[in-house]
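In the working numbering, the protein residues as written are 378 to 548.
Structure below.
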């Protein structure tokens, strides 16, 4: 008799991939029937003889899997997956809300920038209009412009986007 796993026991986990193996690892996970998310950023790349639009991983060497605890070994046995991310000695899980917000960011036409700088937290805000309506974050002073910082605490990095001050509310 098969053991039933409830939907609530599934969590999002960030996993580290081998260098430049994000897309292959993502495909391998999907082939195994494992729910995965790889945020891709579309950029215009310049070579000496041509320009081309390419999709690159937003977070180099990271992707996300939504699994039950019993599926961890299967994820680790997937080609291209290096390890789970640990935070305070435990495997880091991410709230569904954070993955939903990341998907919303990726669906927008805004230019995104990922930074690993140790940015100091500032005023907490929520976007009140536009394609990112409902996303919460922190305002930071960065390159002397006001920008929204969406902090992905379990990964140790942040995503910075330009947002007009008129589109945010203080929390």
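Cβ coordinates follow ideal geometry from the N, Cα and C atoms, glycine included.
query	result
Check whether the Cβ of residue 410 lies closer than 9 Å to any Cβ atom in chain B.	No chain B is present in this structure, which holds just one protein chain.
Report yes if the C-beta distance between residue 551 and residue 508 is below 9 Å; otherwise report no.	For residue 551 there is no data in the structure shown, the boundaries of the chain being 378 and 548.
Going by DSSP in three states, residue 480 sits in which element: helix, strand or coil?	helix
Apart from the five residues just before and just after residue 417, which ones in its own chain have a Cβ nearer than 7 Å to its Cβ?	432, 433, 434 and 435
Kindly indicate which three-state DSSP category residue 427 falls into: helix, strand or coil?	coil
Can at least three beta-carbon pairs, one atom from the stretch 469-484 and one from the stretch 401-413, be found at a separation below 8 Å?	no
Is any heavy atom of the ligand FAD found at a distance shorter than 8 Å from the C-beta of residue 513?	As for the ligand FAD, it is missing from this structure, which has no ligand bound.
Suppose you measure from the CA of residue 445 to the CA of residue 470; what does that come to, to the nearest Å?	11 Å
I'd like to know whether the C-beta atoms of residue 455 and residue 409 end up nearer to each other than 9 Å.	yes
Return the CA-CA distance between residue 535 and residue 488, expressed in angstroms with no decimal places.	14 Å
Whole angstroms are fine: how far does the CA of residue 452 sit from the CA of residue 406?	7 Å
Could you give the C-beta distance for residue 538 and residue 503, rounded to a whole number, given that I count them as a contact under 8 Å?	Not quite, the Cβ-Cβ distance comes to about 14 Å (not below 8 Å), so this is no contact.
Does the beta-carbon of residue 511 have 16 or more other beta-carbons within 10 angstroms, so that it is buried, or is it exposed?	exposed
Please name the residue in 492, 464 and 421 whose C-alpha comes closest to that of residue 437.	492
Please return the same chain residues whose Cβ sits closer than 7 Å to the Cβ of residue 464, not counting the five positions on each side in sequence.	531
Applying the criterion that 16 or more other CB atoms from any shown protein chain within 10 Å of the CB defines a buried residue, is residue 482 buried or exposed?	buried
Contact check, residue 461 vs residue 449 under 8 Å by CB: the rounded distance?	7 Å
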